[in-house]
Structures are given as C-alpha cells and as structure tokens.
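**Student:** Attaching a single structure in structure tokens format; questions to follow.
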C-alpha cells in the first residue's frame with residue numbers, strides 16, 4: 090500500500106471514529122480516547138470494570154472507571170487523568186500539583202483511608218458504583234518519610250543531639 094493510500098485510510102478511520110464519538114450512547118468516551126480508555130469502557134459493559142464515584146471536599150463528585158483488578162495507585166492515576174481532562178476542557182491548560190494534593194489529602198472508602206498503593210480495590214470492599222471520598226491526610230509520626238537529601242539528614246541528626 091502506498092503513502093497516499095495509507096493517508097486516505099487514516100483519514101477514513103479518523104472520520105469513522107469522530108462519527109462514533111458524536112453518538113449520544115458514547116457520551117462518556119473522552120474526545121481523544123486512548124486504547125486504554127476504550128478497553129476500560131468495554132470492560133465496564135462486560136462487567137470486568139467498575140465505575141467509582143469520587144466525592145470532592147466541595148461536595149461535588151465525578152466518576153472514574155477502572156478495571157476490577159485495579160489497585161489504589163491505578164485509582165489515583167485515573168482520578169488525576171479525569172481531573173486534568175475536566176480542567177483542560179473547561180478552563181484550558183492549568184497545572185495541578187498532584188504531589189501536593191496527595192501530600193495533603195487521601196482517598197477514603199467506608200471510613201478507611203486508602204494509603205497503600207498496592208492494595209487491590211476489591212479486596213478493600215470497593216465495588217461497581219462505590220463512592221470514595223477525598224479526606225485531609227494527617228501523617229502519623231510512624232509514617233513520616235524524610236527526604237534523602239544529605240543536608241536534610243544532617244540537620245535532622247543534629248536536632249537529636251540537643
């Protein structure tokens with residue numbers, strides 16, 4: 090197949106995809122979906138994925154879709170992706186410091202903080218149509234992690250001497 094034929098084929102695929110995405114039935118598909126987005130939505134229809142409602146501190150909420158085998162880390166990545174998409178589509182490019190968000194807030198389900206990234210959501214009781222909440226994250230003394238910078242360790246060690 091020549092370059093011209095490939096170009097026409099790509100244009101045809103884009104045109105068909107655009108027409109499909111304008112269908113009201115596919116309203117939950119992002120405008121420029123990745124293969125992962127499409128696979129997750131198909132998984133939701135087949136029962137191998139779940140829709141989770143995320144309640145923000147201002148009492149508004151939004152939904153994310155993750156596979157049934159998803160971990161807390163995957164849920165956080167899905168939230169980040171969804172919020173970035175919503176912010177960009179409504180306000181243009183806006184930078185959110187996710188490091189700061191996760192340093193000050195965490196997710197909670199059934200009054201349990203979801204702190205371990207490796208825990209599988211279903212093992213924690215999260216099911217299709219469950220709701221997780223953003224809650225303030227207060228570190229306990231045992232869970233604090235210190236910077237690996239030498240200066241920080243040096244000064245931290247000095248405080249123990251006095």
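Residue numbers (the numbering used here): 90 to 251. Beta carbons are placed, not taken as given, at the ideal position from N, Cα and C, and that holds for glycine.
Please work out which residues of its chain come closer than 6 Å, Cβ to Cβ, to residue 167, disregarding the five sequence neighbours upstream and downstream, and give them in chain order.
**Tutor:** Result list for residue 167: 153 and 155, in chain order.
**Student:** If you compare alpha carbons, which of 95, 126 and 142 is closest to residue 220?
**Tutor:** With distances taken between Cα atoms, residue 220 lies closest to 142.
**Student:** If distances are taken between C-alpha atoms only, which option among 140, 97 and 170 comes closest to residue 123?
**Tutor:** Residue 170 is the option with its Cα nearest to residue 123.
**Student:** If contacts are defined as beta-carbon pairs under 8 Å, then residue 198 and residue 215 qualify, I think. What distance do you get, rounded to the angstrom?
**Tutor:** Yes, residue 198 and residue 215 are in contact; Cβ-Cβ is about 6 Å, under 8 Å.
**Student:** Under a Cβ-count criterion, where at least 16 other Cβ atoms within 10 Å of its own Cβ denotes burial, should residue 139 be classed as buried or exposed?
**Tutor:** Classification for residue 139: buried.
**Student:** Quick check on residue 174: does DSSP put it in helix, strand or coil?
**Tutor:** The answer is helix: DSSP assigns residue 174 an H, G or I state.
**Student:** Once the 5 residues before and after residue 137 are set aside, which same chain residues still bring their CB inside 8 Å of it?
**Tutor:** Only 156 and 157 meet the Cβ criterion.
**Student:** May I have the straight-line CA-CA distance separating residue 237 from residue 217, to the nearest angstrom?
**Tutor:** Here the model assigns residue 237 a pLDDT of 43, short of 50, so the residue's position is not dependable and the matter cannot be decided.
**Student:** In three-state DSSP terms, what is residue 189?
**Tutor:** Looking at residue 189 - three-state DSSP - the assignment turns out to be helix.
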